[in-house]
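Step one of this worksheet: look at the structure below.
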Amino acid sequence: MAGRTVLIAGGAGGMGFATGLRLAADGERIALADLPGSKLNDAVARIAATGAKAIGLPLDIRSVAACREAVDKAREWGGSLDILVNAAGVWLEGAASEVREEQWDLVLDVNLKGAFFLISAAIPHLSAAQGVVINIASDAGIVGNNGAAVYCASKGGLVLLTKALALELAPHGVRVNAVCPGDAATPMIEYQARTYGGDDPDGYKRRLLGHYPQAEKGTVHHRGRDRLLHPLPLPARCGADNRGRAFDRFRHQCRILNCGVGFIAWRVHDRVPQIP
Ligand SMILES: NC(=O)c1ccc[n+]([C@@H]2O[C@H](COP(=O)([O-])OP(=O)(O)OC[C@H]3O[C@@H](n4cnc5c(N)ncnc54)[C@H](O)[C@@H]3O)[C@@H](O)[C@H]2O)c1
17 MAGRTVLIAG GAGGMGFATG LRLAADGERI ALADLPGSKL NDAVARIAAT GAKAIGLPLD
77 IRSVAACREA VDKAREWGGS LDILVNAAGV WLEGAASEVR EEQWDLVLDV NLKGAFFLIS
137 AAIPHLSAAQ GVVINIASDA GIVGNNGAAV YCASKGGLVL LTKALALELA PHGVRVNAVC
197 PGDAATPMIE YQARTYGGDD PDGYKRRLLG HYPQAEKGTV HHRGRDRLLH PLPLPARCGA
257 DNRGRAFDRF RHQCRILNCG VGFIAWRVHD RVPQIP
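Mapping to our numbering: the sequence shown position 70 is 86, numbers consecutive.
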């Protein structure tokens with residue numbers, strides 16, 4: 017079968033869906049995994065309507081067993097598992113002194129634990145396919161946001177998870193990278209404005225944009241088609257005989273791409289700026 021199989025967790029959300037649509041246009045097979053419901057069904061239908069092969073996999077990413085099942089189903093459906101995109105996420109803000117245990121658990125379980133166990137389950141398949149993992153982290157996981165400590169901790173964890181797994185999986189021929197977008201106009205931002213914006217959700221959004229010198233909100237299509245998420249083939253393989261050198265080479269291939277404003281997707285090449 018031509019094309020690669022892409023499993024996108026959070027695939028019915030803003031960035032996950034945009035990624036699916038973009039990769040579908042390249043002829044890839046798209047498995048969208050997200051919470052069950054009409055949002056997931058609609059997302060699958062929209063991708064299938066382009067003529068691409070698409071499937072919906074209902075998933076609550078907080079369950080390790082469900083993560084394993086989604087990976088197995090995607091592999092079975094597609095015949096391979098070549099690309100795993102972790103785009104599921106939830107936002108939480110508020111004073112650290114007010115955070116409840118169940119809020120901490122929700123954010124960490126969705127944003128970090130779920131991503132880890134999807135990757136963990138996918139390793140044998142990705143290894144067989146010489147595949148790619150792309151974690152959608154956040155600029156909040158690099159610089160930190162005032163008043164969103166739990167979210168920042170989850171995304172900072174995802175950034176380091178990416179770096180550690182990039183090193184661990186390099187000898188298996190699997191690349192692991194992260195994209196760290198700034199604010200982009202997706203349902204998540206609308207949720208934030210609704211939930212935390214009080215009686216002035218537009219003012220909330222303006223304050224968000226004030227964090228960015230460009231004062232400009234990106235959209236998932238902000239930077240145009242060629243900048244969208246597009247993992248390229250593995251450029252260098254690691255051999256057991258030159259592990260040390262391969263390790264060094266791979267360090268330079270693991271990119272934590274800080275997008276600043278807007279969702280810019282992902283290309284691996286030497287000109288992509290790297291966070292030291
Ligand atoms: N929008 C932004 O400005 C922004 C900025 C930086 C990083 N991010 C990150 O990018 C990723 C995509 O976010 P988005 O902006 O597309 O938001 P979104 O809310 O549109 O998408 C997130 C998706 O995750 C899914 N999800 C939530 N809980 C889940 C669970 N328990 N199991 C399975 N799926 C679950 C949601 O149903 C939703 O479809 C998230 O990880 C987010 O934290 C977003």
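Even for Gly, the Cβ is constructed at its ideal location relative to N, Cα and C. A quick note: this is a predicted structure, and the numbers were derived from the prediction, not measured.
Item: At what residues does the alpha helix (DSSP H) containing residue 57 begin and finish?; Value: 54-64
Item: Could you spell out where the alpha helix (DSSP H) holding residue 169 opens and where it closes?; Value: 165-185
Item: Quick one, which of 87, 47, 89 and 52 has its alpha-carbon nearest residue 69's?; Value: 47
Item: Less than 8 Å between the CB of residue 161 and some heavy atom of ligand 1, yes or no?; Value: no
Item: How do the stretch 90-104 and the stretch 26-36 stand: do at least 3 beta-carbon pairs fall below 8 Å, yes or no?; Value: yes
Item: Give me, in chain order, the residues of the same chain whose beta-carbon lies closer than 7 Å to that of residue 145; leave out the 5 immediate sequence neighbours on both sides.; Value: 96, 97 and 98
Item: Starting from residue 76, trace the alpha helix (DSSP H) both ways and give me its first and last residue.; Value: It is not in any alpha helix (DSSP H) - residue 76 carries neither H nor E in the DSSP assignment.
Item: Tell me where the beta strand (DSSP E) around residue 152 begins and ends.; Value: 148-152
Item: Is residue 126 helix, strand or coil when you go by DSSP?; Value: helix
Item: Cβ atoms of residue 151 and residue 194: under 9 Å apart, would you say?; Value: yes
Item: Can you find a heavy atom of ligand 1 that lies under 8 Å from the Cβ of residue 158?; Value: no
Item: With a 10 Å radius around its C-beta and 16 neighbouring C-beta atoms as the bar for buried, classify residue 35 as buried or exposed.; Value: buried
Item: Based on the DSSP output, what are the partners of residue 99 in its beta bridges?; Value: 22 and 148
Item: Contact criterion: CB-CB distance below 9 Å. Does residue 74 meet it with respect to chain B?; Value: Here there is only one protein chain, and chain B is not present.
Item: Pull up the CB-CB distance for residue 107 and residue 208, whole angstroms please, since I reckon it's below 8 Å.; Value: 5 Å
Item: Taking 8 Å as the cut-off, is the CB of residue 223 close to at least one heavy atom of ligand 1?; Value: no
Item: Taking the beta strand (DSSP E) that residue 47 falls in, what are its first and last residues?; Value: 45-50
Item: Would you call the stretch 82-90 and the stretch 53-68 in contact, with 3 or more CB pairs under 8 Å?; Value: no
Item: Just checking my contact of residue 78 with residue 130 at CB under 8 Å: how many whole Å lie between their CB atoms?; Value: 6 Å
Item: Leaving out the 5 sequence neighbours to the left and right, which residues in its chain are closer than 7 Å to residue 172 when beta-carbon positions are compared?; Value: 157
Item: Per DSSP, what kind of secondary structure is residue 192 in: helix, strand or coil?; Value: strand
Item: Could you check the C-alpha separation between residue 21 and residue 30 for me, to the nearest Å?; Value: 20 Å
Item: Using DSSP bridges, identify the partner residues of residue 201.; Value: Residue 201 is not bridged to any residue.
Item: Leaving out the 5 sequence neighbours to the left and right, which residues in its chain are closer than 6 Å to residue 293 when beta-carbon positions are compared?; Value: Given a span of 17 to 292 for the chain in the structure shown, any question on residue 293 remains unanswerable.
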